Amino acid sequence: MRLYNTLTRSVEEFAPSHGGTVRMYACGLTVYARGHIGNFRTFVCLDVLRRTLRHVAGHGMRQVVNFTDVDDKTIAGARAAGVPLREYTDRYIDAFREDAVTLGLEAVEESPRATDGENLQAMADMIAALEARGHTYRSDGSVYFRIGTLPGYGKLARLDHDGMRPGARVDSDEYAKEDARDFVLWKATTPGEPSWDLGVGPGRPGWHIECSAMALRLLDGPPIDIHAGGVDLVFPHHENEIAQAEGATGQPFARFWVHVEHLLLDRDVKMSKSLGNVFTVQDILERGHRASALRFVLLSTHYRKQLRFTWTSLAQAEEALQRLMACLARVESVSRGEPHDAIAERVESARQAFAARMADDLNVPGALGAVFELVRDVNAAIDAGELGAGDAALVQDAFEAFDRVLGVIDLRRAEEAAPPVEVGEIDRLIAARREARRRRDFATADRIRDELDERGIQLEDTSDGTRWRRK
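Residue 142 in our numbering sits at position 138 of the sequence shown, and the numbers go up by one each step.
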């Protein structure tokens, strides 16, 4: 298995450091709003990484994906909504979990919240260790990390040390790129803000300390094998995580750093909640598109390249999945005939090509090429009458192996098993349409038909009544 390591700016051989289990931390959502498809580009790509480590490289997994449920944004959101912080963040954690299931993300081993008691204590303990090693100072009730005490600060982001501003501090959880300053570890709180007193004084954690402490607590200490997230987290968040963890322990924090590039909209604009130009997973579904097609779009461009999202790309993904599923349906219909050596050889070649490309820094476009080359060859064999029942079983096994990594076929099958609109609602709308037609209110009848069509349900009027089917 080879992975690009942001820390070294090179592709390196990867294997877990302890036994056969990969210890991996990925930064999850800051839960002040529902996650958008730019966020889920990262989560889908990291899900593919997880699946590749398991099913291609053969490793066990211990993965942590956190929820940041206390920071400047969550506190401001809860205050604006007039509800307690925990109640406010609960709604977005529930939404994330719903969207994760919709997109077929595998469940990870740990999904901690920053405000869990044991995590807050781990943060306080890390700050105490940093204080003991001389990396901190206090001012106005807050505790800051002094970047000048760590000679290696900036190594992940490749910061210019001449441009750093040690001694100038920042209280905000997020700040301008390349503006390296002393950053807050534990923040003095204002009236009405959540506050804890766990040995470092009353206050609440800064954003960066949360992930450092949770990663080391839940993954058995440094160095962890992989730390991952979106490319926008390289600085300041991940750089500051390194400073905290290595300043507190004196050991390297993570062996590999994996970062997923941005999802862009037209005109090369990054999708961002702060810019207000976001689509959620639910937005995509409400426009009549399938989650399996969205997952296909999000994984099909190499994770280290920017992905430009368009409605055309979503339509093309749908066409590709229809071609794949049509081939599988043809294979399932083959129930007789002798096996052919040429088919077995072709299937094995496709499996080897798929595994090799996925093991080469998650070359998903290359792996998809191997999948669709096999689709073409299988269709040609069926057309020529050269695919027997034994061959069909080999082909099905191969596509199941591909999908253990890609996760699109099972997702599509689950979608096929459940219509995009509840059956009861379809029946009610058909009855309402029938009544409208009886009254000769054809405008209402047409509106109901068009509404269902937009939601993925096609109506067919027959002599026996109105039938429906998925589009």
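Every residue, glycine too, gets a C-beta built ideally from N, C-alpha and C. Since this is a predicted model, take the numbers as computed values, not measurements.
- Given a length threshold of 3 residues, each whole run of the beta strand (DSSP E) inside the stretch 383-470 is given here in chain order: 461-466.
- Annotation: ARG185 to ASP94 spans about 33 Å, alpha carbon to alpha carbon.
- For VAL335, the uninterrupted alpha helix (DSSP H) segment begins and ends at 315-336.
- Per DSSP, ASN9 is one residue of the beta strand (DSSP E) stretching across 6-9.
- Residues THR448 and ALA449 of the same chain have their beta carbon placed closer than 6 Å to that of ALA440, with the five preceding and five following residues left out of the count.
- In this structure, ALA295 keeps its C-beta atom at 8 Å or more from the C-beta atom of GLU429.
- Looking only at ALA359, HIS266 and ARG442, the smallest Cα-Cα distance to ARG58 is reached by ALA359.
- Beta-bridge analysis with DSSP links LEU267 to LEU311.
- For ARG471, same chain residues with a beta-carbon under 6 Å away, outside a window of 5 residues either side, are GLU464 in chain order.
- When DSSP states are grouped into helix, strand and coil, ALA111 belongs to the coil group.
- Assignment of beta-bridge partners to GLU91 by DSSP yields no partner.
- By the 16-neighbour rule on beta-carbons within 10 angstroms, ASN281 is exposed.
- Shown here, THR56 sits in a helix according to DSSP, grouped into three states.
- Within the DSSP secondary-structure output, TYR29 pairs in a beta bridge with VAL68 and HIS231.
- ASN383 and ARG66 have their C-alpha atoms roughly 40 Å apart.
- Nearest neighbour of GLY42 by Cα position, chosen from ASP73, ALA388, VAL427 and PHE283, turns out to be PHE283.
- Close CB contacts of ARG437 within its chain, under the 6 Å cut and outside five residues either way in sequence, are with ALA449 and ILE452 (chain order).
- In the DSSP assignment, SER143 is bridged to SER146.
- Of the other Cβ atoms in all chains shown, 16 or more fall within 10 Å of the Cβ of HIS139; this residue is therefore buried.
- Its Cα nearest to that of ILE131, the residue ALA247 stands out among SER21, THR106 and ALA247.
- With a cutoff of 8 Å on beta-carbon distance, LEU366 and VAL147 are scored as not near each other.
- Here ASP229 is not near VAL68, since their CB atoms are 8 Å or more apart.
- Here the stretch 83-101 makes contact with the stretch 30-47; the two share three or more CB pairs at distances below 8 Å.
- Counting along the chain, ASP76 sits inside the alpha helix (DSSP H) bounded by residues 76-85.
- Here SER304 is buried. Its C-beta has 16 or more other C-beta atoms within 10 Å.
- Two segments are said to touch when three or more pairs of C-beta atoms, one from each, lie closer than 8 Å; by this definition the stretch 188-195 touches the stretch 207-221.
- Judged by DSSP secondary structure, GLU349 falls within the alpha helix (DSSP H) whose first and last residues are 345-363.
- Take LEU302, set aside five residues on each side of it, and the residues of its chain with a beta-carbon closer than 6 Å to its own are ARG45 and VAL48, in chain order.
- Counting only unbroken stretches of 4 or more residues, the alpha helix (DSSP H) elements lying wholly within the stretch 191-258 are 211-222 and 243-253, in sequence order.
- DSSP places ARG137 outside both helix and strand once states are collapsed to three, so it counts as coil.
- No Cβ-Cβ contact shorter than 8 Å links ALA363 with ARG55.
- When the beta-carbon positions are compared, ARG90 and THR72 stay at least 8 Å from each other.
- Taking all protein chains in view, the Cβ of HIS231 is crowded by 16 or more other Cβ atoms within 10 Å, so the residue is classified as buried.
- Close CB contacts of LEU325 within its chain, under the 7 Å cut and outside five residues either way in sequence, are with SER296, ALA297, PHE300, VAL412 and ARG416 (chain order).
- THR10 places its beta carbon less than 8 Å from that of VAL238.
- Three or more beta-carbon pairs separated by less than 8 Å link the stretch 213-229 to the stretch 121-129, which places the two stretches in contact.
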